[in-house]
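The structure appears below as structure tokens.
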Amino acid sequence: MEKQFQNDDGSSIVLRSGRFGVGALAAFLLADDPKQVTLKMTTRHIHADRDAGLEFEAELTDRPLTIRHVFRESIGTRIEVITSSPPAFMQRSSSDKNNLIDEWDWYCLDDPKVRRVATSGRELVQQIELPSNLKSSPFDYHWIFPAGYLSVGWIYKDVPQLICNGIVVTKEKKDIPPLEELESPFGKVIIKFPAISVFDQDGKLPLTLDRLRVDYERISFLDDLRDDIFRNIAAYLAICAPGDLRESKIFDITKDNQLKSHPAISDS
Numbered sequence: 001m002e003k004q005f006q007n008d009d010g011s012s013i014v015l016r017s018g019r020f021g022v023g024a025l026a027a028f029l030l031a032d033d034p035k036q037v038t039l040k041m042t043t044r045h046i047h048a049d050r051d052a053g054l055e056f057e058a059e060l061t062d063r064p065l066t067i068r069h070v071f072r073e074s075i076g077t078r079i080e081v082i083t084s085s086p087p088a089f090m091q092r093s094s095s096d097k098n099n100l101i102d103e104w105d106w107y108c109l110d111d112p113k114v115r116r117v118a119t120s121g122r123e124l125v126q127q128i129e130l131p132s133n134l135k136s137s138p139f140d141y142h143w144i145f146p147a148g149y150l151s152v153g154w155i156y157k158d159v160p161q162l163i164c165n166g167i168v169v170t171k172e173k174k175d176i177p178p179l180e181e182l183e184s185p186f187g188k189v190i191i192k193f194p195a196i197s198v199f200d201q202d203g204k205l206p207l208t209l210d211r212l213r214v215d216y217e218r219i220s221f222l223d224d225l226r227d228d229i230f231r232n233i234a235a236y237l238a239i240c241a242p243g244d245l246r247e248s249k250i251f252d253i254t255k256d257n258q259l260k261s262h263p264a265i266s267d268s
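Position 237 of the sequence shown, counting from 1, maps to 237 under full-length UniProt numbering, and the rest follow consecutively.
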């Protein structure tokens with residue numbers, strides 16, 4: 001069975017976005033008051049008899065779990081999260097439908113396909129579709145291949161700030177630390193952190209338990225990312241440089257905002 005999911009050195013060949021046990025914890029994070037959450041799970045293995053299903057309920061207490069044998073007609077697992085204190089986005093009125101659709105548009109890859117169908121039968125269209133491999137896309141990511149990851153794509157465009165294995169982690173670009181701050185003879189230069197799409201088969205990306213943020217300082221491929229972006233900036237300046245640069249004359253990269261015209265550069 002392991003050979004289906006791991007290679008010979010023990011690395012995963014499956015893009016697993018979850019962490020062991022985090023799914024259960026996330027259920028309690030759904031509510032404004034975690035103590036008002038009950039997690040109920042019922043399951044039946046594909047080879048088990050109908051009367052050999054298992055069921056348990058859990059709350060955020062130190063009370064031990066009681067696992068019961070139950071009759072279950074269907075195969076598989078059903079997880080119910082019961083709460084009288086749902087999060088705000090689940091309490092929105094029908095007038096907030098567009099925002100609600102946006103909340104559920106969490107998947108970005110072109111393969112495998114994910115269909116989102118509301119109870120009304122309306123299909124929710126996937127707003128952003130990124131390639132599941134390195135083939136070209138309308139977004140033209142730049143790709144690096146740091147140790148421990150399949151690949152990492154970076155881009156300075158209006159796409160979600162952080163995507164991991166096709167799942168949106170962070171959409172907003174606010175409160176994102178700069179990739180680098182430099183002092184130059186022409187003033188302070190800030191290299192903005194790009195939007196990144198990470199293919200992480202071994203769960204190395206330092207996500208928080210609720211999977212809503214990443215610890216940017218602990219990302220192991222920051223040096224690879226900086227190097228690739230600096231090379232891109234250098235190539236951009238070489239193309240945009242005036243002809244007299246070839247004569248070894250001084251080139252003021254701040255003149256006419258030549259440096260700042262690169263999307264990675266900011267002075268504030």
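Backbone N, C-alpha and C fix where the C-beta goes; we use that ideal spot for every residue, glycine too.
query                                                                                                  : result
Neighbour-count burial assignment, Ala206, 16 or more Cβ in a 10 Å radius                              : Just to set this straight, residue 206 is Pro in the shown sequence, not Ala. Flag for Pro206 reads exposed.
Enclosing beta strand (DSSP E) for Leu54 [first to last residue]                                       : 53–59
Among Leu182, Pro146, Arg213, Ser266, the one whose alpha carbon lies nearest that of Asp224           : Pro146
Where the beta strand (DSSP E) containing Cys164 begins and where it ends                              : 162–164
Simplified DSSP assignment, three categories, for Tyr156                                               : coil
Residue 274 versus Ile167: straight-line alpha-carbon distance, rounded                                : Absent from the structure is residue 274, since the part of the chain shown begins at 1 and ends at 268.
Residue span of the beta strand (DSSP E) that contains Arg78, given as start and end                   : 76–83
Beta-carbon gap between Val37 and Thr83 smaller than 8 Å                                               : yes
Run of the alpha helix (DSSP H) containing Phe230, from where it starts to where it stops              : 222–240
Span of the beta strand (DSSP E), counted from its first residue to its last, around Ala195            : 195–199
Boundaries of the beta strand (DSSP E) in which Trp143 is found, first to last residue                 : 142–144
Residue environment, Ser74, which counts as buried when at least 16 other CB atoms sit within 10 Å     : exposed
Cβ neighbours of Gly148 in the same chain (closer than 6 Å, five flanking residues each side left out) : Lys204
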